[in-house]
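Please read the structure below before turning to the comments.
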Amino acid sequence: MAGNVGDTLERTETAGEGHVYFQTLFDCSPDPVWILEGSRFIDCNIAAARMLGYASRDEFLFTHPSDLSPPCQPDGSLSYDKAERLIAEVRKSGTTLRFEWLHKRADGSLFPAEVTLCPIQVDGRALIYCTWRDISERKQAESDLTLAASVFHASREGIMVTDAAGLIQSVNPAFTEITGFAAEEAVGASPRLLKSDHHDPAFYEGMWRELMDQGSWQGEVWNRRKTGEVYLQWTTISAIPHPSGGHARFVAVFTDVTDLRRKDDQIRHQAYHDALTGLPNRLLLADRLQHAITVADRDTEPLALLFLDLDRFKLINDSLGHEVGDRLLREVARRIGGALRKSDTVARLGGDEFVVLLPGLGMQEAAQVAEKIIAVLARPFDLDGRPVRTATSIGIALYPRDGTDAATLLRQADAAMYRAKAEGIGGFSFVDADLNTRAARRLEQEAALHRAVENGEFELFYQPKVLLASGAPCGAEALIRWRTPEGLVAPDQFIPLAEETGLILPIGAWVLAEACRQVRAWRDQGLDTQVAVNLSPRQFRDENLPERLAAILAETGLPGAALELELTESTVMDDPAKAATMLHRIRALGVAVSVDDFGTGYSSLAYLKKFPINAVKIDRSFIADMEQDADDDAIVQMIIALAQSLRLKVVAEGVEQPHQQGTLQAMGCDMVQGYLHSRPLPATEFRAWMENRARPHSAAPHPKE
1 MAGNVGDTLE RTETAGEGHV YFQTLFDCSP DPVWILEGSR FIDCNIAAAR
51 MLGYASRDEF LFTHPSDLSP PCQPDGSLSY DKAERLIAEV RKSGTTLRFE
101 WLHKRADGSL FPAEVTLCPI QVDGRALIYC TWRDISERKQ AESDLTLAAS
151 VFHASREGIM VTDAAGLIQS VNPAFTEITG FAAEEAVGAS PRLLKSDHHD
201 PAFYEGMWRE LMDQGSWQGE VWNRRKTGEV YLQWTTISAI PHPSGGHARF
251 VAVFTDVTDL RRKDDQIRHQ AYHDALTGLP NRLLLADRLQ HAITVADRDT
301 EPLALLFLDL DRFKLINDSL GHEVGDRLLR EVARRIGGAL RKSDTVARLG
351 GDEFVVLLPG LGMQEAAQVA EKIIAVLARP FDLDGRPVRT ATSIGIALYP
401 RDGTDAATLL RQADAAMYRA KAEGIGGFSF VDADLNTRAA RRLEQEAALH
451 RAVENGEFEL FYQPKVLLAS GAPCGAEALI RWRTPEGLVA PDQFIPLAEE
501 TGLILPIGAW VLAEACRQVR AWRDQGLDTQ VAVNLSPRQF RDENLPERLA
551 AILAETGLPG AALELELTES TVMDDPAKAA TMLHRIRALG VAVSVDDFGT
601 GYSSLAYLKK FPINAVKIDR SFIADMEQDA DDDAIVQMII ALAQSLRLKV
651 VAEGVEQPHQ QGTLQAMGCD MVQGYLHSRP LPATEFRAWM ENRARPHSAA
701 PHPKE
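Position 116, counted from 1, in the sequence shown is what UniProt numbering calls 116; the numbers after and before it change by one each time, with no gaps.
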């Protein structure tokens with residue numbers, strides 16, 4: 001602009017007019033302007049004086065540029081020498097020159113300026129038109145950028161910058177050092193190249209939601225290095241806003257904290273675990289016991305606490321040395337752990353004392369676990385080829401029977417342990433002495449039941465079923481008996497125990513196979529009949545039940561139509577959808593299905609009509625009192641009417657009197673079963689009964705048979 005002013009002045013008709021025009025532009029310019037003649041300022045505008053902090057331009061007129069500058073410029077040159085050199089260069093070249101200069105204000109403060117020198121001619125005088133622009137903010141921004149770049153490259157924290165679409169724009173050297181991915185591998189890729197699959201989608205959804213809502217997120221992230229190694233990083237992600245709205249970039253700064261976490265875990269483990277065995281110590285046991293009590297109280301479940309003390313450990317430790325003693329304790333800990341469920345806790349309190357926490361287990365189960373632990377610890381320990389024997393005494397406390405808080409339960413279990421030790425090594429004792437008797441009796445029963453399974457002490461009896469329309473026998477229900485030296489044991493005396501111990505599965509399998517074998521034998525002898533077998537809930541839940549049935553039928557050669565399975569209402573209604581699927585698979589074999597004890601459960605009629613069943617059996621409790629109890633009578637009539645509407649057969653159990661049978665026949669019942677016709681009979685007697693009933697003169701019931 002100054003050059004143009006000079007040209008204009010030369011074209012102005014009179015010097016006076018040119019001077020006025022130039023002075024107006026000069027004074028009104030918002031940028032600081034100086035006029036140099038030679039090497040001195042001969043004029044400046046108001047903006048220049050204001051920029052330098054002078055009240056009047058007269059304060060610095062005819063000064064040299066170096067007088068308004070520090071002695072030296074940032075490049076180290078003297079301000080005077082550099083000013084002379086630049087002024088001479090402009091005069092010699094006749095062209096505009098732009099450069100940066102460090103100036104000094106009236107108060108002594110310094111500021112950077114961008115200076116422009118332009119040669120002009122005014123009234124034949126060779127002048128230099130000089131403008132200054134304060135570039136403090138620009139230089140600060142450049143300094144900040146330089147600092148940021150230095151921090152970016154020198155930081156020991158990994159830094160990753162992505163665009164709004166989430167693609168990586170830049171990474172620093174620490175990123176490469178931590179992740180193993182070079183910049184050229186990462187730039188342009190998605191941050192998913194670090195994904196470890198240790199977090200579910202909900203984790204990332206929460207991260208992005210917080211990032212969008214609050215502009216930042218920080219937390220721990222499991223990522224994967226280029227080598228495939230998974231590591232833990234502490235990450236801070238910041239959203240950089242776009243001037244027009246939204247987000248322009250995202251910056252993630254992270255630190256590898258894997259070693260820190262590992263050390264923290266080690267410290268935490270040492271604080272809550274026994275150094276010798278690695279088991280939970282007293283502190284962790286107290287925490288888990290309190291939690292277990294809370295859960296037991298909330299869910300109304302039992303809880304057992306076992307206090308163990310090794311017998312003869314001091315003798316072993318003193319005679320064989322502490323090293324052998326320590327190894328023995330580690331082996332003891334391993335064996336105890338192997339005898340427990342994953343949900344149980346075994347802790348070492350110190351010395352030779354251990355505690356076992358059994359959530360959800362009551363008296364009988366706790367006694368079983370104690371017996372199991374005693375058995376595994378009774379086996380000799382091989383320590384460097386040397387057999388070492390020990391035993392344990394166990395005290396058992398039950399929640400809430402023996403205490404409702406952790407300290408009381410532990411104290412009671414400890415006291416019970418000393419009682420067990422006083423009664424002889426290698427045993428256990430409950431806090432309540434009566435429980436010891438009950439537990440011992442229960443364990444004896446379990447042992448006897450195991451022997452019965454192993455020795456084949458079971459026998460099947462058969463109770464006939466009779467058609468009401470003709471009085472003819474139409475099959476039988478197979479009923480198990482346990483033959484002991486003391487006599488026959490009815491199923492209600494041992495089946496519940498078999499269910500609890502899991503022995504119901506081998507027992508149930510034997511019943512199925514034996515019943516099918518017997519019916520096949522009868523058929524071969526000319527006795528054409530059908531057998532019904534009770535199926536336990538655990539058997540019915542076996543996914544392979546249809547295959548097992550098919551194998552038994554194939555092995556015995558019995559057609560599926562000769563077999564009927566009886567299930568209780570509660571069994572089929574436990575999971576109706578799964579039950580329906582299982583029943584269809586069973587029916588595909590030709591095997592009939594009936595619902596036993598009907599009316600005692602909670603069958604939904606909507607489900608009942610969807611089940612592929614053949615018959616329902618009315619529970620004996622309704623039959624016994626139906627003529628004296630109007631409610632029972634109504635229930636029986638309702639069951640029969642419901643079954644008829646669904647085209648199902650009806651069998652009444654527990655029929656003992658002729659008038660009961662008459663009433664049932666009048667109601668439309670199809671079959672009856674009970675002492676009116678026969679008690680359950682051994683196989684040989686059942687065959688004789690069937691043959692006798694097949695004779696024409698034997699159609700009437702025989703109550704005494």
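Heads up, the beta-carbon is just placed ideally off N, CA and C, and yes, glycines get one too. What you are looking at is a predicted structure, and each value in this text was computed from that prediction instead of being measured.
* Report the option in SER155, LEU147 and LEU194 whose CA atom is closest to the CA atom of ILE168. => Residue 168 sits at position 168 when you count from the first residue of the sequence shown. Per the Cα distances, LEU194.
* Are ARG91 and PRO119 touching if we call contact CB-CB under 8 Å? -> As a working note, residue 91 is residue 91 in the sequence shown. As a working note, residue 119 is residue 119 in the sequence shown. In contact: ARG91 and PRO119 (Cβ atoms closer than 8 Å).
* C-alpha gap between GLU13 and GLN73, whole angstroms -> If you number the sequence shown from 1, residue 13 lands on position 13. If you number the sequence shown from 1, residue 73 lands on position 73. Because the pLDDT at GLU13 is just 42, under 50, the model does not fix this residue reliably, and the point stays unresolved.
* Compute every distance between the C-beta of ALA292 and the non-hydrogen atoms of the ligand FAD, then say whether any falls below 7 Å. => Ligands are entirely absent from the displayed structure, and the ligand FAD is therefore not among its contents.
* Rounded separation between ALA391 and ASP287 - CA only -> In the sequence shown, the residue the question calls residue 391 occupies position 391. In the sequence shown, the residue the question calls residue 287 occupies position 287. When rounded, the distance between both Cα atoms is 28 Å.
* Specify the secondary structure class of GLU459 as computed by DSSP and reduced to three states. => Residue numbering aside, residue 459 sits at position 459 when the sequence shown is read from its first letter. Three-state result, GLU459: strand.
* To do: For TYR399, count neighbouring Cβ atoms within 10 angstroms of its own Cβ and tell me buried if that reaches 16, exposed if not.
  => One-based indexing of the sequence shown puts residue 399 at position 399. Classification for TYR399: buried.
* Give me the Cα-Cα distance between TYR462 and CYS474, rounded to the nearest whole angstrom. => Position 462 of the sequence shown holds residue 462. Position 474 of the sequence shown holds residue 474. Their Cα atoms are separated by approximately 12 Å.
* To do: Measure the alpha-carbon distance for LEU36 versus TYR80 and round it to whole angstroms.
  => Taking the sequence shown and counting its residues from 1, one reaches residue 36 at position 36. Taking the sequence shown and counting its residues from 1, one reaches residue 80 at position 80. Cα to Cα, LEU36 sits roughly 15 Å from TYR80.
* Cα separation between SER170 and PRO243? -> By one-based count along the sequence shown, residue 170 stands at place 170. By one-based count along the sequence shown, residue 243 stands at place 243. When rounded, the distance between both Cα atoms is 21 Å.
* Where does residue 706 fall in DSSP's three states? -> Not covered by the structure: residue 706. The range shown for the chain is 1 to 705.
* Extent of the continuous beta strand (DSSP E) run through PHE307 -> Sequence index remark: in the sequence shown, residue 307 carries index 307 (1-based). It spans 303-311 - the beta strand (DSSP E) in which PHE307 sits, taken as one unbroken run.
* To do: Can you grab the Cα-Cα spacing for the pair PHE494 / LEU676, in whole Å?
  => Indexing the sequence shown from 1 puts residue 494 at position 494. Indexing the sequence shown from 1 puts residue 676 at position 676. One C-alpha to the other measures close to 26 Å.
* Residues of its chain near LEU527, where Cβ-Cβ distance is below 8 Å and the 5 sequence neighbours each way are ignored -> Position 527 of the sequence shown, counting from 1, holds the residue named residue 527. Here the set comprises ARG687, MET690 and GLU691.
* DSSP three-state call for HIS659: helix, strand or coil? -> Position 659 of the sequence shown holds residue 659. If DSSP states are grouped into helix, strand and coil, HIS659 belongs with the helices.
* Asked: Counting Cβ pairs, one atom from each stretch, are 3 or more of them under 8 Å apart for the stretch 24-34 and the stretch 43-50?
  -> Yes, the stretch 24-34 is in contact with the stretch 43-50.
* Asked: Where PHE313 and GLN218 are concerned, what is the direct C-alpha to C-alpha distance, given to the nearest angstrom?
  -> Residue mapping note: residue 313 aligns to position 313 of the sequence shown, counting from 1. Residue mapping note: residue 218 aligns to position 218 of the sequence shown, counting from 1. In a straight line, the C-alpha of PHE313 is about 53 Å away from that of GLN218.
* Asked: What three-state label does DSSP hand ASN692 in the structure shown?
  -> Taking the sequence shown and counting its residues from 1, the one referred to as residue 692 is at position 692. Helix, per DSSP.
* **Beta-carbon proximity list for PRO491, same chain, < 6 Å, skipping 5 on both sides** => If you number the sequence shown from 1, residue 491 lands on position 491. Counting only Cβ-Cβ distances below 6 Å, and skipping sequence neighbours, we find ILE480.
* **DSSP beta-bridge partners of GLN290** => Walking along the sequence shown from the start, residue 290 turns up at place 290. GLN290 pairs with nothing; no bridge assigned.
* To do: Report the option in ARG419, ILE374, ASP384 and GLY362 whose CA atom is closest to the CA atom of ARG401.
  => Sequence index remark: in the sequence shown, residue 401 carries index 401 (1-based). ARG401 has its Cα closest to that of GLY362, out of ARG419, ILE374, ASP384 and GLY362.
* Start and end residues, alpha helix (DSSP H) containing residue 782 -> In this structure the chain extends from 1 to 705, so residue 782 is not present and cannot be described.
* Asked: At which residue ranges does the UniProt domain "GGDEF" (301-433) contain complete alpha helix (DSSP H) runs of 4 or more residues, listed in the order of the chain?
  -> 313-320, 322-338, 363-378 and 406-422
* Asked: So, ALA347 versus ASN281, is the Cβ gap smaller than 8 Å?
  -> Translated into the one-based positions of the sequence shown, residue 347 becomes position 347. Translated into the one-based positions of the sequence shown, residue 281 becomes position 281. In contact: ALA347 and ASN281 (Cβ atoms closer than 8 Å).
* Using CA coordinates, which residue listed in ARG261, GLN518, ALA630 and SER536 is at the minimum distance from THR529? -> If you number the sequence shown from 1, residue 529 lands on position 529. THR529 has its Cα closest to that of GLN518, out of ARG261, GLN518, ALA630 and SER536.
* To do: Please say whether VAL595 and LEU563 have beta carbons closer to each other than 8 Å?
  => For the purposes of this step, residue 563 is taken as the residue at position 563 of the sequence shown. For the purposes of this step, residue 595 is taken as the residue at position 595 of the sequence shown. Not closer than 8 Å, so no.
* Asked: Grouping DSSP H, G and I as helix and E and B as strand, with all else coil, what is CYS669?
  -> In the sequence shown, counting from the first residue as 1, residue 669 sits at position 669. Three-state result, CYS669: coil.
* To do: Thinking residue 724 and VAL672 are a contact (beta carbons under 8 Å), I'd like their distance in whole angstroms, please.
  => Because residue 724 is not part of the residues shown, which for the chain are 1 to 705, the question remains open.
* Label LYS263 either buried or exposed according to how many other C-beta atoms from any shown protein chain fall within 10 Å of its C-beta, with 16 as the threshold for buried. => What you label residue 263 is simply residue 263 of the sequence shown in a count that begins at 1. LYS263 counts as exposed, since fewer than 16 other beta carbons sit within 10 angstroms of its beta carbon.
* To do: Measure from the alpha carbon of SER56 to the alpha carbon of each residue in ASP43, ASP67, PRO65 and ALA202, then state which is nearest.
  => One-based indexing of the sequence shown puts residue 56 at position 56. Comparing Cα positions, the closest option is ASP43.
* Asked: Straight-line CA distance for THR408 to LEU289?
  -> Within the sequence shown, numbered from 1, the residue matching residue 408 stands at position 408. Within the sequence shown, numbered from 1, the residue matching residue 289 stands at position 289. Those two C-alpha atoms are separated by around 11 Å.
* State the Cα-Cα distance for the pair VAL122 and ARG98, rounded to the nearest angstrom. => Residue 122 sits at position 122 when you count from the first residue of the sequence shown. Residue 98 sits at position 98 when you count from the first residue of the sequence shown. Each residue's Cα considered, the two are about 21 Å apart.
* To do: Alpha carbon to alpha carbon, how far is GLU543 from ILE159? Give it in angstroms, no decimals.
  => On the sequence shown, residue 159 is found 159 positions in, with the first residue counted as 1. On the sequence shown, residue 543 is found 543 positions in, with the first residue counted as 1. Computed Cα separation, rounded: 54 Å.
* Asked: Do LEU117 and ILE128 have their C-beta atoms within less than 8 Å of each other?
  -> Translated into the one-based positions of the sequence shown, residue 117 becomes position 117. Translated into the one-based positions of the sequence shown, residue 128 becomes position 128. Result yes, Cβ atoms of LEU117 and ILE128 sit closer than 8 Å.
* Given LEU308, which residues of its chain have a CB within under 6 Å of its CB, disregarding the five upstream and five downstream residues? -> One-based indexing of the sequence shown puts residue 308 at position 308. The residues are PHE354, THR392 and ILE394.
* Kindly list the residues whose CB is nearer than 7 Å to the CB of ARG225, restricted to its own chain and excluding five residues on each side of it in sequence; keep chain order. => Position 225 of the sequence shown holds residue 225. Hits under 7 Å: THR179, GLY180 and TYR231.
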